[in-house]
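Chemist:
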Amino acid sequence: MRLLKYGEDGELTITSFDDNAIPPYAILSHTWGADTEEVTFTDLTKSSGKDKPGYKKIRFCGEQASKDGLEYFWIDTCCINKENQAELSLAIDSMFRWYRNSARCYVYLADVSSQTSNTNLEPSVHQSDLQISQCRWFKRGWTLQELLAPSVVEFFSREWCKLGDKISLKSDIHEVTAIPYEALEGAPLSQFSVEERFRWRQNRHTKLKEDAAYSLSSIFDVDIAPVYGEGGEEAFRRLHDKIREQGECRRKREECLRDLYATDPRKDKKRIEETKGGLLADSYR
1 MRLLKYGEDG ELTITSFDDN AIPPYAILSH TWGADTEEVT FTDLTKSSGK DKPGYKKIRF
61 CGEQASKDGL EYFWIDTCCI NKENQAELSL AIDSMFRWYR NSARCYVYLA DVSSQTSNTN
121 LEPSVHQSDL QISQCRWFKR GWTLQELLAP SVVEFFSREW CKLGDKISLK SDIHEVTAIP
181 YEALEGAPLS QFSVEERFRW RQNRHTKLKE DAAYSLSSIF DVDIAPVYGE GGEEAFRRLH
241 DKIREQGECR RKREECLRDL YATDPRKDKK RIEETKGGLL ADSYR
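Be aware that the sequence shown starts at 1, since it is given in the UniProt record's numbering, and climbs by one per residue.
#1: Measuring alpha carbon to alpha carbon, tell me which residue in Glu175, Leu216, Phe220, Glu8 is nearest Ser193.
#2: Leaving out five residues on either side along the sequence, give the residues of the same chain with a beta carbon under 7 angstroms from the beta carbon of Tyr181.
#3: DSSP three-state call for Thr31: helix, strand or coil?
#4: Cβ atoms of Glu37 and Pro24: under 8 angstroms apart, would you say?
#5: Give a yes or no on contact between the stretch 96-105 and the stretch 44-52, applying the rule of three or more CB pairs nearer than 8 angstroms.
#6: Only counting the same chain, and skipping five residues up and downstream in sequence, which positions put a Cβ closer than 7 angstroms to that of Asn203?
#7: Around the C-beta of Pro150, are 16 or more other C-beta atoms found within 10 angstroms, so that it is buried, or is it exposed?
#8: Helix, strand or coil for Ala26 per DSSP?
#9: In whole angstroms, what is the alpha-carbon distance linking Leu121 and Ser16?
#10: Where do the N-terminal and C-terminal ends of the beta strand (DSSP E) with residue 286 fall, by residue?
#11: Would you call the CB atoms of Arg104 and Leu144 closer than 8 angstroms?
#12: Let's test the definition: count the other Cβ atoms within 10 Å of the Cβ of Glu195 and tell me whether it reaches 16, buried, or not, exposed.
#13: Please report the distance separating the alpha-carbon of Leu28 from that of Ala187.
#14: Quick one: what's got a C-beta closer than 8 angstroms to Ser124's C-beta in the same chain, skipping five residues either side?
#15: Using the rule of at least 16 other Cβ atoms within 10 Å of the residue's Cβ for burial, across every protein chain shown, is Asn20 buried or exposed?
#16: Could you round the C-beta distance between Lys207 and Ile224 to whole angstroms and report it? I think they count as a contact, below 8 angstroms.
#17: In angstroms with no decimal places, state the Cα-to-Cα distance between Pro226 and Thr77.
#18: Grab me the residues of Tyr72's own chain with a C-beta within less than 6 angstroms of its C-beta, minus the 5 sequence neighbours each way, in chain order.
#19: By the three-class DSSP mapping on this structure, what secondary structure does Ala156 have?
#20: Smallest Cα separation from Lys162: which of Arg136, Val112, Tyr228, Arg199?
Laid out in structure tokens, this is it:
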């Protein structure tokens, strides 16, 4: 996993960490601008990109992380080398875990302004002030897991004013997304039915058709290798197949446990005693 850090000289650096040595970090959730506006991994390796509009998000994330006592932070636009397909596939598989393991997730709402409201907003903010229902962030496919995976999710306006977090704003978020309070509060997603979890993706869209399926794989705790070009229909077929396989494995495991618990220990003892002699006898043949 690569993480960003601002040095004492104010320069941005990027460092790779092994999975067992990742330091605490903040993570950014946002909606992308045009490809030419975002700072890429290639830009960072060339020490360029500061003149791009997307660099402001990097600066904000680094400054906010520092305020929260975090030295490192992660942003998808520039911490993943998307020109490397193997790395991109691994990143997609790891994304839910990276968001879940973050110390804080900052959600940047580029289309929400706090200038018409109190600039020192506390966690209790009305939906009418935030215009949450109109936010692009709530209409994107990938942001579903970015909302559910982290334990701490904080929302910021385009002026970088904190608007609240997913707990203080859960009523507003629930109204927009129909996601139950329990899920927003961190309940295991497995306790919600497959049908209910699929409903959470309603009105969400992705730039690539396949991503509509890939962005849901971690919501169902299944792995599907991304195959861009296969089309949305085939991607969803593979997703449904994986979910079905997972359900069958779970049912078989539960049946085995039921059979195990239903066995009378006294009968087990008798069966062992009766077969022990036969097993030993067979070994001398």
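Backbone N, C-alpha and C fix where the C-beta goes; we use that ideal spot for every residue, glycine too.
Note that this is a predicted model, so its numbers are computed, not measured.
Modeler: With the given structure in hand:
#1: As a first step, residue 193 is located in the sequence shown; it is residue number 193 there, counting from the start. Its Cα nearest to that of Ser193, the residue Phe220 stands out among Glu175, Leu216, Phe220, Glu8.
#2: Sequence index remark: in the sequence shown, residue 181 carries index 181 (1-based). Answer for Tyr181: Lys170, His174, listed in chain order.
#3: Against the sequence shown, residue 31 aligns to sequence position 31. Note: Thr31 maps to coil in three-state DSSP.
#4: Here residue 24 is taken as the residue at index 24 of the sequence shown, counted from 1. Here residue 37 is taken as the residue at index 37 of the sequence shown, counted from 1. The beta carbons of Pro24 and Glu37 sit no closer together than 8 angstroms.
#5: With the cut-off at 8 angstroms, the stretch 96-105 and the stretch 44-52 do not touch.
#6: Residue 203 sits at position 203 when you count from the first residue of the sequence shown. Within the same chain, Asn203 has close Cβ partners Lys139.
#7: In the sequence shown, residue 150 corresponds to position 150, counting from 1. By the neighbour-count criterion, in which a residue is buried when 16 or more other Cβ atoms sit within 10 angstroms of its Cβ, Pro150 is buried.
#8: Locating residue 26 in the sequence shown gives position 26, where the first residue counts as 1. Three-state result, Ala26: strand.
#9: In the sequence shown, the residue the question calls residue 121 occupies position 121. In the sequence shown, the residue the question calls residue 16 occupies position 16. Bear in mind that the predicted position of Leu121 carries a pLDDT of just 44, short of 50, making it too unreliable to give a figure here.
#10: No answer is possible for residue 286: it lies beyond the span of the chain, which begins at 1 and ends at 285.
#11: Walking along the sequence shown from the start, residue 104 turns up at place 104. Walking along the sequence shown from the start, residue 144 turns up at place 144. Not closer than 8 angstroms, so no.
#12: Position 195 of the sequence shown, counted from the first residue, corresponds to residue 195. Result: exposed.
#13: Counted from its first residue, the sequence shown places residue 28 at position 28. Counted from its first residue, the sequence shown places residue 187 at position 187. Distance between the alpha carbons of Leu28 and Ala187: 22 angstroms.
#14: By 1-based counting over the sequence shown, the position of residue 124 is 124. Since pLDDT at Ser124 reaches only 43, below the 50 mark, its modelled position is unreliable, and the value read off the structure follows with that caveat. Exclusion of the five residues before and after Ser124 leaves Gly164, Ser168 as the residues of its chain whose Cβ lies within less than 8 angstroms of its Cβ.
#15: Here the question's residue 20 lines up with position 20 in the sequence shown. Label assigned to Asn20: exposed.
#16: Here the question's residue 207 lines up with position 207 in the sequence shown. Here the question's residue 224 lines up with position 224 in the sequence shown. Actually they do not touch by this definition, with Cβ atoms about 18 angstroms apart.
#17: Start at 1 with the first residue of the sequence shown, and residue 226 comes out as number 226. Start at 1 with the first residue of the sequence shown, and residue 77 comes out as number 77. C-alpha separation (whole angstroms): 18 angstroms.
#18: As a working note, residue 72 is residue 72 in the sequence shown. So the qualifying residues of the chain are Leu3, Lys5, Pro23, Tyr25.
#19: What you label residue 156 is simply residue 156 of the sequence shown in a count that begins at 1. First, the amino acid is wrong: residue 156 is Phe here, not Ala. If DSSP states are grouped into helix, strand and coil, Phe156 belongs with the strands.
#20: Mapped onto the sequence shown, residue 162 falls at position 162. Taking only the C-alpha atoms, the option nearest Lys162 is Val112.
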